[in-house]
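Enquirer: Attaching a single structure in structure tokens format; questions to follow.
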Amino acid sequence: MSSRVRSKPIFTAPGKFTSASLLLAVSLVSSCTVGPDYSRPPVTTPSVYKETPAAKTPTVDDVFGLKWWEVFGDSDLNALEEQVDISNQNIAQAEARFRQSRALVQSARAAYYPTVTVGIGVTGIQQSPTSQSRNPNTKSAFPEYTLPIDVSWELDVWGRIRRSVESNEASAQASAADLEGARLSARAEVAQDYFLIQSLDAQIRLLDASVVAFQKSLDLTNNRYNAGVASRGDVLQAETQLKTTQAQVIDLGVLRAQTEHALAVLLGKAPADFSLSVRPVVAEPPTIPAGVPEELLVRRPDVASAERTMAAANAQIGVAQSAYYPTVTINTSGGFESESIGNWFSVLGRFWSAGISATQTLFDGGLRQSQVESARAVYEQNIAAYRQTVLTGYQEVEDNLAAQRILANEAQVQDDAVKAAEQSLTVIMNQYQAGIVSYLNVIVGQTTALNNETTAVTIQARRLNAAVLLIKALGGGWKVA
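Rendered as structure tokens:
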């Protein structure tokens, strides 16, 4: 005889219990959902950008798409950008976080369904001779074989599970935007480093050409000195200028090497396994339109991530508020038990029980209230963070629109300055060879010409950098979907 004590079932008619419990479950699950429903808080959006008040055409989509780097028309840059998605480790981390967030969504959705557990047990029982439950006609020692199947289902009466799923889905969407943001940042850095290397190579080329010119000047001055026309001071000045320029070439080599190393890491390679050949030709920067400010809310990944994070925090308020209400659970149990392994699964060995319960916390020392207040505070933090992200986005667009416009004007003026400096240097060299001016005038003219040529190259690099940063500020070719 089994020693298992069976409680009487709450409902004695299985069919009636099943129908009643199903109706009750449906009615409870379709009931209210506590907590505030989410709606995106308003943000102040200007109608046009300050730096381009009338520029509404062409649109951003007319100029560049998802492969925004192709707008620069550089095949080498295109090849580098294609490697970013494959090898960049920051993107790999963001992609793994995105997959984790999707798994958390599925984990939250699992709470919608019952939990079913099954077990198997073999127990040896020895009853004492004084046990009141012992039947004197049976053995005091016997085995018990059990196979229980338990089903537990928490009914989502107040929407706690729904709010949890809602929060996790919003977090997964934020993670997807973060992934796109990591891609955009990495690709923008690749373009910036690539154009910086172009600029450095162009500056090195200018300095190398100047070294050749300064060497000729030194030779000319030495000849004039040997002929008694120039002083020893002129020779020393020419030599000083030559050595200073050679030192500048060497110094630029440090920045060039470090930038190449940074580019290698962005491509997921060790610096020893990557090199970029000399490329002194700096591309002409394209004109990037900004569109209208309202588009920024759906174009920038960081804005989308901040908005989805805010939605997730809003859902957590409902999760916290649901703790004020009872937890309703349906529990059923059934299976087979026997004292003989041969009769383990017989019809007579069946047992079952079923019931529904509701538990309510009566006192928790203010725990639930503090959790709700904490959830509301987190939500309000995320509202502020979202609005700040939008404002930062507007600032970045305006900054680089201004840079794009002002640097274009500066480049035109600087080109004129380069031409004037070159003409001035030609005149001074002729005057020096004719003995009209001292070598100090030559040094000033050469230095002025070199500085203006270097400045022109630097401005061109800044224009390219501003174009890249403007594309990044606009969110690349990505849009919220």
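In the working numbering, the protein residues as written are 712 to 1192. Cβ atoms here follow ideal geometry from the backbone N, Cα and C, with glycine treated the same way. The structure displayed is predicted, hence computed values, not measured ones.
#1: Between the region 959-979 and the region 1169-1177, are three or more C-beta pairs nearer than 8 Å?
#2: Given this structure, state the Cα-to-Cα distance separating Ser-758 from Glu-1109, to the nearest angstrom.
#3: Looking only at C-alpha atoms, which of Glu-781, Trp-864, Phe-809 and Pro-997 sits nearest to Ala-887?
#4: Around the C-beta of Asp-773, are 16 or more other C-beta atoms found within 10 angstroms, so that it is buried, or is it exposed?
#5: Rounding to the nearest angstrom, what Cα-Cα distance links Val-737 and Val-782 in this structure?
#6: Which first and last residues belong to the beta strand (DSSP E) in which Asn-1054 is found?
#7: Where do the ends of the alpha helix (DSSP H) carrying Phe-809 lie?
#8: How would you label Arg-874, buried or exposed, when you count the other beta carbons within 10 angstroms and need 16 or more for buried?
#9: Apart from the five residues just before and just after Ala-1013, which ones in its own chain have a Cβ nearer than 6 Å to its Cβ?
#10: What's the gap between the Cα of Leu-977 and the Cα of Ile-908?
#11: The beta strand (DSSP E) with Gly-1066 in it runs from where to where?
#12: Can you tell me which of the three DSSP states Tyr-1090 falls into?
#13: Which of the three DSSP states is assigned to Phe-1047 in this structure?
#14: How many angstroms separate the CA atom of Ala-1001 from the CA atom of Thr-770?
#15: Sorted by chain position, which residues of the same chain lie with C-beta nearer than 7 Å to Gly-1046's C-beta, five sequence neighbours on each side aside?
#16: Between Ser-1033 and Gly-746, what straight-line distance do the alpha-carbon atoms span, to the nearest angstrom?
#17: Alpha carbon to alpha carbon, how far is Ala-1128 from Ser-928? Give it in angstroms, no decimals.
#18: Provide the residue span of the alpha helix (DSSP H) that contains Thr-1020, from first to last.
#19: Select from Asp-785, Ser-921, Val-1168 and Ala-885 the residue whose C-alpha is nearest the C-alpha of Met-1021.
#20: When the Cβ atoms of the region 897-904 are set against those of the region 789-805, are three or more pairs found closer than 8 Å?
#21: May I ask which residues mark the beginning and end of the beta strand (DSSP E) holding Thr-755?
#22: Tell me Val-827's beta-bridge partners as DSSP assigns them.
#23: Quick one: is Tyr-1035 buried, meaning 16 or more other Cβ sit within 10 Å of its Cβ, or exposed?
#24: Once you ignore the five residues that flank Ile-1052 on each side, which residues in its own chain have a CB closer than 6 Å to its CB?
#25: May I ask which residues mark the beginning and end of the alpha helix (DSSP H) holding Asn-1073?
Expert: So, from the data block:
#1: No contact exists between the region 959-979 and the region 1169-1177.
#2: The straight-line gap from Cα to Cα measures roughly 13 Å.
#3: Shortest Cα-Cα distance from Ala-887 to any of Glu-781, Trp-864, Phe-809 and Pro-997 involves Phe-809.
#4: The residue in question, Asp-773, is exposed, as its Cβ has fewer than 16 Cβ neighbours within 10 Å.
#5: Note that Val-737 scores a pLDDT of 49, beneath 50, so its modelled location is shaky; the value from the coordinates is reported in the next line. Rounded to the nearest angstrom, the two C-alpha atoms are 57 Å apart.
#6: From DSSP, Asn-1054 is part of no beta strand (DSSP E); its letter is neither H nor E.
#7: Looking at the DSSP string, the run of the alpha helix (DSSP H) that includes Phe-809 is 800-820.
#8: Counting Cβ neighbours within 10 Å, Arg-874 comes out buried, since at least 16 surround it.
#9: A small fix is needed here, since residue 1013 is Asp in this sequence, not Ala. Short of 6 Å from the beta carbon of Asp-1013, and not among the five residues preceding or following it, lie these beta carbons of its own chain, in chain order: Gly-892 and Thr-1100.
#10: Each residue's alpha carbon lies about 14 Å from the other.
#11: Run containing Gly-1066: 1061-1070, per the beta strand (DSSP E) assignment.
#12: Three-state DSSP puts Tyr-1090 in a helix.
#13: Reduced to three states, the DSSP call for Phe-1047 is strand.
#14: Their Cα atoms are separated by approximately 7 Å.
#15: Taking C-beta separations shorter than 7 Å and ignoring five residues to either side along the sequence, the partners of Gly-1046 in its chain run Thr-857, Leu-858, Pro-859, Ile-860 and Phe-1062, following chain order.
#16: Spanning the two alpha carbons is a distance of roughly 8 Å.
#17: Ser-928 and Ala-1128 have their C-alpha atoms roughly 23 Å apart.
#18: Element bounds for Thr-1020: 1012-1032.
#19: The option with the nearest alpha carbon to Met-1021 is Ala-885.
#20: Judged by Cβ distances under 8 Å, the region 897-904 makes contact with the region 789-805, as three or more pairs qualify.
#21: Following the DSSP letters along the chain, one finds Thr-755 in no beta strand (DSSP E), marked with neither H nor E.
#22: In the DSSP assignment, Val-827 forms a beta bridge with Val-862.
#23: A residue is called buried once 16 or more other Cβ atoms fall within 10 Å of its Cβ, and Tyr-1035, having fewer, is exposed.
#24: Residues of the same chain with a CB within less than 6 Å of the CB of Ile-1052, apart from the 5 flanking positions on each side, are Tyr-856 in chain order.
#25: Before going further, note that residue 1073 is Leu rather than Asn in the sequence given. Careful: Leu-1073 lies outside any alpha helix (DSSP H) and carries neither H nor E.
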